[in-house]
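Chemist: Once you've had a glance at the structure underneath, I'll fire off some questions.
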Amino acid sequence: MDKESTDKEMIVTLQVNGLTVRRFVPATMTLVEYLREELGLTGTKKGCDVGDCGCCTVLADGDPVLSCLALAVDFQGREITTIEGLAKGQELHPVQRAFVDEGGLQCGYCTPAMVLNAVALLNHQANPSAQEIKECISGTICRCTGYTKIEESIALAADRQRGQK
Amino acid sequence: MSYRIVGKKTPYVDAVDKVTGRAKYTDDLRLHHPLRVKIVRSPYANARIVGIDLSAARAVEGVVDFVVGADFRHTFGVLPISKDEPAMAKERVRYVGEPVVAIIAESERAAVQASRLVRVNYEVLKPHLDPQKSLNESTDLIHPELGKKNNLHKSVNQSFGDVVAGLRSADVVVEHQFEFESVTHAFTEPHATQVEWEGENLTVYSATQVPHYLHRALAEVLELPMHRLRVVKPHLGGGFGGKSDPFPHEMIAVKAALKTGRNIRLAFEREEVFYSHHGRHPTKISMKLGVSRDAGIQALDGYMLIDGGAYGSFGVVTTYYNGVLLQGPYNVPNINFHCDRVYTNKPMCGAMRGHGGVNPRFASEVLFDEACVRLKIDPCEMRLKHFHQPNSKTINEFRITSVGIHHGLRNAMAASGWSQKYQKLPFGKGIGVACGFFISGSALPIHWNEMPQSTVRLGIDYDGGVSLYSGASDIGQGSNTMLAQMAAEVLGLPMTMIKVLAADTRHCPIDYGSYSSRVTFMAGNAARNAAIRMRRQLLEAACQLLECEAPIPTPPGEPENFFRQGGRPPDYGALYLGANPNYEDGYLFVDEKIVAPDGREVKYLDAVRKALDFQGALQSKGGYVSPKMGGSFKGAGAGLSPSYSYTAFISEVTVDPATGFVKVDRVTCAHDYGQALNPLAVEGQLQGSIHMGLGQALMEGMRYDDGAVQNASLLEYKIPSPFEMPEVVIVPGSGDECEGPFGAKEVGEGALAPFIPSVANAIYDAVGVRLYSVPLTPDKVLEALRQHAGGAHAP
Chain P
364 MDKESTDKEM
374 IVTLQVNGLT
384 VRRFVPATMT
394 LVEYLREELG
404 LTGTKKGCDV
414 GDCGCCTVLA
424 DGDPVLSCLA
434 LAVDFQGREI
444 TTIEGLAKGQ
454 ELHPVQRAFV
464 DEGGLQCGYC
474 TPAMVLNAVA
484 LLNHQANPSA
494 QEIKECISGT
504 ICRCTGYTKI
514 EESIALAADR
524 QRGQK
Chain A
37 MSYRIVGKKT
47 PYVDAVDKVT
57 GRAKYTDDLR
67 LHHPLRVKIV
77 RSPYANARIV
87 GIDLSAARAV
97 EGVVDFVVGA
107 DFRHTFGVLP
117 ISKDEPAMAK
127 ERVRYVGEPV
137 VAIIAESERA
147 AVQASRLVRV
157 NYEVLKPHLD
167 PQKSLNESTD
177 LIHPELGKKN
187 NLHKSVNQSF
197 GDVVAGLRSA
207 DVVVEHQFEF
217 ESVTHAFTEP
227 HATQVEWEGE
237 NLTVYSATQV
247 PHYLHRALAE
257 VLELPMHRLR
267 VVKPHLGGGF
277 GGKSDPFPHE
287 MIAVKAALKT
297 GRNIRLAFER
307 EEVFYSHHGR
317 HPTKISMKLG
327 VSRDAGIQAL
337 DGYMLIDGGA
347 YGSFGVVTTY
357 YNGVLLQGPY
367 NVPNINFHCD
377 RVYTNKPMCG
387 AMRGHGGVNP
397 RFASEVLFDE
407 ACVRLKIDPC
417 EMRLKHFHQP
427 NSKTINEFRI
437 TSVGIHHGLR
447 NAMAASGWSQ
457 KYQKLPFGKG
467 IGVACGFFIS
477 GSALPIHWNE
487 MPQSTVRLGI
497 DYDGGVSLYS
507 GASDIGQGSN
517 TMLAQMAAEV
527 LGLPMTMIKV
537 LAADTRHCPI
547 DYGSYSSRVT
557 FMAGNAARNA
567 AIRMRRQLLE
577 AACQLLECEA
587 PIPTPPGEPE
597 NFFRQGGRPP
607 DYGALYLGAN
617 PNYEDGYLFV
627 DEKIVAPDGR
637 EVKYLDAVRK
647 ALDFQGALQS
657 KGGYVSPKMG
667 GSFKGAGAGL
677 SPSYSYTAFI
687 SEVTVDPATG
697 FVKVDRVTCA
707 HDYGQALNPL
717 AVEGQLQGSI
727 HMGLGQALME
737 GMRYDDGAVQ
747 NASLLEYKIP
757 SPFEMPEVVI
767 VPGSGDECEG
777 PFGAKEVGEG
787 ALAPFIPSVA
797 NAIYDAVGVR
807 LYSVPLTPDK
817 VLEALRQHAG
827 GAHAP
């Protein structure tokens, strides 16, 4: 892209956590920048900005997306869910609850991404296998937990959600 | 004794904030109208700065000012004995990635654009990259200003017993050279710092493990009185030792605030995290072990050459820890070690989980395994006979208190099916053992002082909520949860009533931060002390309401109980009741009630308000002071700790002889952490240690070319994914540590080191080859198999 087109600003309208938001931003602004800097949704973390760590994962129409590799403008018309959009009032999403109860987090920096990965999985697969759980978090790096308690948290959330049905 | 909260699976106090995205990390803070800072770094490993041309960068719209080396008069370093690092390079650069110019701009875009227009004219010099060559270099030194005759930073040599005689008396002598690549912390949150003006003062929010060290270093380098600076650690996205130094970017951010009068925001890109590094030293070890059939290790002789990179960091401590942590977990009557830390033109190394003890542990455990094989003795049985005994002393005068590893290793043997598997598995499958030992905090402080190692303050006001102030940093290990547990247990309150306010130099008592596995033992003890003092005040108020005599508190006991070998006078009376002090007073503090021995009850809140009638504000404080310990020889303080953890690992692996690929299938771990205060956190620390150890064992390494890091991304510096993680079985291996708070000791670091040699020993059991170079990558396995071909165990 030449300099002029990278500096071009435009109105980007997104659906984020059920709300329509509109900002006048550079066309090259990434989704993570839009969420963090324009909307103040700092629950989405920036760990590498090049798609390696997965900490910036959000859901677009229910599927995990690395928001650092995505341009905000490309997500017009799609429903974005960030970690801030999961809990219903004071009631945590079952996946969030399970991460709290099972200690599926330590420093917490990858946690929003891990939780969203799991939410996406459980929406498609109510009774995931151990392999599917590993796969669903394998795009996100955690340096604290060794993943064990994250996997246990997801399995617990799946059990609890099935129990509620 | 059983407790309501301690010892129970307790969710982290900040877990809800973390799963909802509410938890604010440093770069999540939104200060008023901040300027952004971008650092231009050296592309050369060794060069003189001839000139800096900022004219083109200055012309970029939005650029406000610059920070350069000339803005700073003082160098710094985390250790007062090793202040060799400038906040920014002045006349010369010493590693690729060293900060040279910082741009202060109205937007990140402007700062980035300007950073490309900064012109630095360098006179490039030949870099010193090989530690051995650098050690022998006598001209063009990396730090000529230090007045040394070569690039040696620190050398430590300690000798106990008679190594020559020990080797002579041994039934077998094994020796080898070992080599280790550098590994880095790879925490997920990149370094970040923000600076906020408050009147004439500055608040520095930074991703740091030790607000106090940063506070000191900033005051010195920026030449400001400490009271004008406040350092706050927001939520921290992982440290592992890599955020325990004060850093150049923190000084740059404060200088930028001073120059512009504006708030400042600075965050690293991931690549910069790799340049900043401070990870585990690349290491070469030459070690010799004399082992006797009946008496175990008779002699250990080791030379460690550690590649420090461009500056000191924690390196003096690392140099000591390379040797002094070899004194366990076995009784070794004769030991000699020599460790050299040498400067090279690479990103500096420093403290990383298992600090200094990891690589030598690999060498000694692999050699011990080899000796057992040659002596035809089961390596578990051999180890079991020669572990430290409780309440004993090592040859270098470490005071040993509790030791749980004997039954820990037995449990691990039983759970792994050791005796059915060792030397009995089919080719390609193997099982291996290794053990280790680590400190629960250093007894001696970095900055010599007479203060308690840790102090905690409690406050209760009209609403009855307890505020717990501690300088310790929760870096994800759960220290805030641990501190809240202490107060909740002693005061009979739910966890939700304890609010921990930590890691803020304005509001919290001084604390040496989170490293060296010191927080649970030291800050935990301080919190227990403070909570007991608060309990006494509430008990007095409750007794007034019950119209009875308050029990006379148990006296703290005779000073010699805490200061076993004499030492400094215990004038901490108001602060210190001893390590893990008793608080049995006949009353029961439970469910927000105080229950008298006769069954009458006072509500907690009524007791609080009665106490407030007399005092207005309820306050208490508590400290931890370690006993006087150790020998009087030079360097006797290194590695001294009030308590040590022990670990036994049995690992099972599959080795593919066609590809050299190693898969760790199952790990059985017994770690002597004393009592588990929070099983969730204990398991999490052990699983995390195994993960980080697995990375170093099989895949991680900083790769350099001409001093430049070649794999400065989380794609190329690959850490283990969920698929590489083995099944982890944690078995009991601990007892009660009488001086630890509620019986606890270290769990966060010690388990990492012995895991790595347990994998190497399992590889030997699987395919009959020994690997002496870490990481144990497939190419090395294949090469070893090729060399071994024709041997008894080969396919």
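So the sequences go chain by chain: P and A. Going by the numbering used here, the letters in the first sequence line up with residues 364 to 528, in that order. Going by the numbering used here, the letters in the second sequence line up with residues 37 to 831, in that order. All C-beta atoms in this analysis are idealised placements derived from N, C-alpha and C, irrespective of residue type, glycine included.
Residues of chain A with CB under 9 Å from Ala483(P), in chain order?
Modeler: What Ala483(P) touches in chain A: nothing, since even the nearest Cβ is about 15 Å away.
Chemist: Taking CB distances under 8 Å as the criterion, tell me whether Pro475(P) reaches chain A.
Modeler: Chain A contact via Cβ: present.
Chemist: Can you list, in chain order, the residues of the region 691-710 of chain A whose Cβ is nearer than 8 Å to any Cβ on chain C?
Modeler: Here chain C cannot be found, since the structure's protein chains are P and A.
Chemist: Please report the Cβ distance between Val375(P) and Val436(P), rounded to the nearest whole angstrom; I am assuming they are in contact, meaning their Cβ atoms lie under 8 Å.
Modeler: With a Cβ gap of about 5 Å, Val375(P) and Val436(P) count as contacting.
Chemist: Can you list, in chain order, the residues of its chain with a C-beta nearer than 8 Å to that of Leu171(A)? Leave out the 5 residues immediately preceding and following it.
Modeler: Taken in chain order, the residues that qualify are Asn186, Asn187, Leu188, Leu341, Asp376, Val378.
Chemist: Starting from Asn358(A), trace the beta strand (DSSP E) both ways and give me its first and last residue.
Modeler: No beta strand (DSSP E) contains Asn358(A), which is instead part of the alpha helix (DSSP H) from 351-360.
Chemist: Considering only the alpha carbon of each residue, which of Ala243(A), Ala83(A), Asp708(A), Ala820(A) lies closest to Ile475(A)?
Modeler: Ranking Ala243(A), Ala83(A), Asp708(A), Ala820(A) by Cα distance to Ile475(A) puts Asp708(A) first.
Chemist: For a contact defined as C-beta to C-beta under 8 Å, what are the partners of Val764(A) on chain P?
Modeler: Per Cβ cutoff of 8 Å: Gly509, Thr511.
Chemist: Which value, in whole angstroms, describes the spacing of the CA atoms of Ser205(A) and Met384(A)?
Modeler: Going by the C-alpha atoms only, they are around 41 Å apart.
Chemist: Determine whether the Cβ of Leu302(A) lies closer than 8 Å to any Cβ atom of chain P.
Modeler: No, Leu302(A) lies away from the interface with chain P (no Cβ there is under 8 Å from its Cβ).
Chemist: I'd like the list of long-range same chain contacts for Lys646(A), defined as Cβ closer than 7 Å, with 5 residues on each side in sequence excluded.
Modeler: The residues are Ala577, Gln580, Leu581.
Chemist: What are the start and end residues of the beta strand (DSSP E) that includes Asp845(A)?
Modeler: As shown, chain A starts at 37 and ends at 831. That puts residue 845(A) outside it, with no answer to give.
Chemist: Hey, out of Leu336(A), Phe102(A), Arg806(A), whose CA is closest to Arg72(A)'s CA?
Modeler: The candidate whose alpha carbon is nearest that of Arg72(A) is Phe102(A).
Chemist: Tell me which residues share the same chain as Leu404(P) and place their Cβ nearer than 6 Å to its Cβ, disregarding the 5 neighbours each side in the sequence.
Modeler: Cβ within range, chain order: Leu398, Thr445, Glu447.
Chemist: For the beta strand (DSSP E) that Gln334(A) lies in, which residues bound it at each end?
Modeler: Element bounds for Gln334(A): 332-345.
Chemist: Please tell me whether, using a cut-off of 7 Å, the distance from the CB of Ala524(A) to the nearest non-hydrogen atom of the ligand NAP is below it.
Modeler: By its list of ligands, the structure shown contains no ligand whatsoever, and the ligand NAP lies outside what it can speak to.
Chemist: Give me the Cα-Cα distance between Lys54(A) and Ser312(A), rounded to the nearest whole angstrom.
Modeler: When rounded, the distance between both Cα atoms is 27 Å.
Chemist: Looking at Gly417(P) and Thr508(P), is the spacing between their C-beta atoms short of 8 Å?
Modeler: Contact flag unset, no.
Chemist: Any Cβ of chain A within less than 8 Å of the Cβ of Thr530(P)?
Modeler: For chain P, the structure presents residues 364 to 528; residue 530(P) sits outside this window and is missing.
Chemist: Going along chain P in order, which residues have a C-beta closer than 7 Å to the C-beta of Ile755(A)?
Modeler: The answer, in chain order, is Ile504, Arg506.
Chemist: Check each candidate in Glu417(A), Asp337(A), Leu480(A), Glu486(A) and name the one with the smallest Cα separation from Gly468(A).
Modeler: Taking only the C-alpha atoms, the option nearest Gly468(A) is Glu417(A).
Chemist: According to DSSP, simplified to helix, strand and coil, what is Tyr623(A)?
Modeler: If DSSP states are grouped into helix, strand and coil, Tyr623(A) belongs with coil.
Chemist: Run through chain P and tell me which residues come within less than 7 Å of Lys54(A), C-beta to C-beta.
Modeler: Neighbours of Lys54(A) on chain P, chain order: Leu468, Gly471, Thr474.
Chemist: Are the C-beta of Ala201(A) and some C-beta of chain P separated by less than 8 Å?
Modeler: Chain P, which has no Cβ nearer than 8 Å to the Cβ of Ala201(A), makes this no.
Chemist: With distances taken Cα to Cα, identify the nearest neighbour of Ala470(A) among Asn516(A), Asp414(A), Ala479(A).
Modeler: Looking at the Cα atoms, Asp414(A) is the closest of the given residues.
Chemist: Pop quiz: Val360(A) and Ile431(A) are said to be a contact at Cβ under 8 Å. What is the actual Cβ separation, rounded to whole angstroms?
Modeler: About 11 Å separates the two Cβ atoms, so there is no contact after all.
Chemist: The beta strand (DSSP E) with Arg145(A) in it runs from where to where?
Modeler: Looking at the DSSP string, Arg145(A) is not in any beta strand (DSSP E); the run it does join, the alpha helix (DSSP H), is 144-151.
Chemist: Counting only the same chain and skipping the five closest in sequence on each side, list residues whose C-beta sits under 6 Å from that of Pro389(P).
Modeler: Around Pro389(P): Glu372.
Chemist: How about Pro167(A) and Tyr510(P): are their beta carbons less than 8 Å apart?
Modeler: Taking 8 Å as the Cβ cut-off, Pro167(A) and Tyr510(P) do not qualify as a contacting pair.
Chemist: I need the straight-line Cα distance from Gly477(A) to Val817(A), nearest angstrom please.
Modeler: Looking at the two C-alpha atoms, the distance is approximately 37 Å.
Chemist: In this structure, how does DSSP classify Ala830(A) when only helix, strand and coil are distinguished?
Modeler: The predicted model places Ala830(A) with a pLDDT of 42, which falls under 50 and marks its position as unreliable; any figure quoted below should be read in that light. Looking at Ala830(A) - three-state DSSP - the assignment turns out to be coil, as it is neither helix nor strand.
Chemist: Using a Cβ-Cβ cut-off of 8 Å (strictly less than) and excluding sequence neighbours within five positions of Pro475(P), which residues of its own chain qualify?
Modeler: So the list reads Gly406, Thr407, Lys408, Cys418, Thr420, Thr445, Ile446, once near-sequence residues are dropped.
Chemist: So which residues of chain P does Ser749(A) contact, with C-beta pairs closer than 9 Å?
Modeler: Ordered by position in chain P, the residues that pass the 9 Å Cβ test against Ser749(A) are Cys411, Val413, Asp415.
Chemist: Give the residues of chain A in contact with Asp522(P), contact being defined as C-beta atoms less than 8 Å apart.
Modeler: Under the 8 Å cutoff, chain A gives no residues; its nearest Cβ is about 17 Å from Asp522(P).
Chemist: Following the continuous alpha helix (DSSP H) through Gly720(A), name the residue where it begins and the one where it ends.
Modeler: Taken as a continuous stretch (DSSP letters only), the alpha helix (DSSP H) holding Gly720(A) covers 715-734.
Chemist: Since Gln378(P) sits in a beta bridge, which residues does DSSP pair it with?
Modeler: In DSSP, Gln378(P) forms a bridge with Thr383(P), Glu442(P).
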